[in-house]
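Participant: Residue numbers for the sequence shown follow the working numbering, beginning at 990 and rising by one.
Beta carbons are placed, not taken as given, at the ideal position from N, Cα and C, and that holds for glycine.
Have a look at this one.
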Amino acid sequence: MPTNTYNQIRDAIAKKQQVIATYSGHIREMCPHVIGEKNGKEQALFYQFAGGSSSGPIIDGSESNWRCIPISGLSGVSVRSGEWHTSHNHSRKQTCVDRVDLEISV
């Protein structure tokens, strides 16, 4: 049975909404693109467009803003309407989720 956070993110994908959450000590503003499981654990692929990251500064539109995040690592999750952010390399085959539940069609 999916967690509440999983359902919240899944719904955000279906409605093309932004997700704001804390992960690894950084508040992140992201657009979720794929949700499902990786090795039996809930996981999602996000495009981060603002906020902090241990990977360096976030530059909206950059191909390097993809984040593969285990749902259990997210806290303070909220969803909001707003501009949809992505990168042209989304069509590249992803390896973040091996059992896809829902994927955005861009």
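If you drop the 5 nearest sequence neighbours on each side, which residues of the same chain put their C-beta closer than 6 Å to that of Glu1092?
Facilitator: Here the question's residue 1092 lines up with position 103 in the sequence shown. The answer, listed in chain order, is Val1023.
Participant: How far does the beta strand (DSSP E) with Ile1024 in it reach, from first residue to last?
Facilitator: As a position in the sequence shown, residue 1024 is number 35, starting the count at 1. Segment His1015 to Lys1027, the beta strand (DSSP E) holding Ile1024.
Participant: May I ask you to report which of helix, strand or coil DSSP gives Thr1011?
Facilitator: Position 22 of the sequence shown, counting from 1, holds the residue named residue 1011. The answer is strand: DSSP assigns Thr1011 an E or B state.
Participant: Between which two residues does the beta strand (DSSP E) harbouring Ile1058 extend?
Facilitator: Reading the sequence shown from its first residue, position 69 is the one you call residue 1058. From DSSP, the beta strand (DSSP E) with Ile1058 extends over Trp1055 to Pro1059.
Participant: Kindly list the residues whose CB is nearer than 8 Å to the CB of Asp1049, restricted to its own chain and excluding five residues on each side of it in sequence; keep chain order.
Facilitator: Locating residue 1049 in the sequence shown gives position 60, counting from the first residue. Result list for Asp1049: Phe1038, Ala1039 and His1074, in chain order.
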